[in-house]
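K.L.:
First the structure, then my questions, so here it is.
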Amino acid sequence: METIEMIGLLAATLTTAAYLPQVVKVLRDKSAKDISLSMYLVMFTGVVLWLVYGLYHNSAPIIFANIITSVLTLAVIVLKLKYK
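Going by this note's numbering, the first residue of the sequence shown is number 58, and it counts up by one from there.
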């Protein structure tokens, strides 16, 4: 694997993992009152578009990051609606 691909995968892993603490906190606290629904809806839309872009360019780091990030952002959206 090329060095630049490894950098891309590391970047994808770190930026994707950044969403995990938010999901865990909402699940643990059973509260999402301080979370902006509109921000997560915009973010989810952007992430899905990045996924389409990654699929078009067959870029593993972009595909990997945006599949996981879309699942995590969607989880926060669902939890926000559940724990209003």
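Virtual Cβ for every residue (Gly too), placed ideally from N, Cα, C.
(1) Y76 and L129 - do their beta-carbons sit closer together than 8 Å?
(2) Can you have a look at K87 and say buried or exposed, based on whether 16 or more other CB atoms are within 10 angstroms of its CB?
(3) Given a cut-off of 8 Å on the beta-carbon distance, is the pair L136 and V83 in contact?
(4) By a C-beta neighbour count over all protein chains shown, 10 Å radius and 16 as the cutoff for buried, is S164 buried or exposed?
(5) On the criterion of 16 or more Cβ atoms from any shown chain inside 10 Å, does T72 qualify as buried, or is it exposed?
P.N.:
Short version:
(1) yes
(2) exposed
(3) yes
(4) Because the chain here runs from 58 to 141, residue 164 falls outside it and cannot be looked at.
(5) exposed
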